[in-house]
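Q: Residue numbers (the working numbering): 1 to 87.
Positions of the beta carbon are idealized from the N, C-alpha and C atoms, including for glycine.
The model shown is predicted, which means the values in this text are computed figures rather than measured ones.
1. With DSSP as the reference, label residue 74 as helix, strand or coil.
2. Return helix, strand or coil for residue 49, following the three-state DSSP convention.
3. Below 9 angstroms between beta carbons: does that hold for residue 23 and residue 40?
4. Helix, strand or coil for residue 67, going by three-state DSSP, please let me know.
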């Protein structure tokens, strides 16, 4: 018999906390992405910055923003395949 994880007596509190945590994570990731884009724009306007540096930054942006992620990977990360759907 599997040990059952007792989350909380109030599921709404648990869901609200889970939502807050994910919102904070998304907000932090968005701020970091914005700072990286602003840094790249500044480096692009500065003539002293080397061409090799600009190429490496452009390569990083291409790989991170324009990378293809298959739908099956996203569904797997969201545990779609491991639990029944509750609509």
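A: Short version:
1. Indexing the chain shown from 1 puts residue 74 at position 74. Residue 74 falls in the helix class under three-state DSSP.
2. Taking the chain shown and counting its residues from 1, the one referred to as residue 49 is at position 49. In the three-state scheme derived from DSSP, where H, G and I count as helix and E and B as strand, residue 49 is classed as coil.
3. The residue you call residue 23 lines up with position 23 of the chain shown. The residue you call residue 40 lines up with position 40 of the chain shown. No, Cβ-Cβ distance for residue 23 and residue 40 is not below 9 angstroms.
4. Numbered from 1 along the chain shown, position 67 holds the residue referred to as residue 67. Residue 67 sits in coil when the DSSP states are folded into three classes, being neither helix nor strand.
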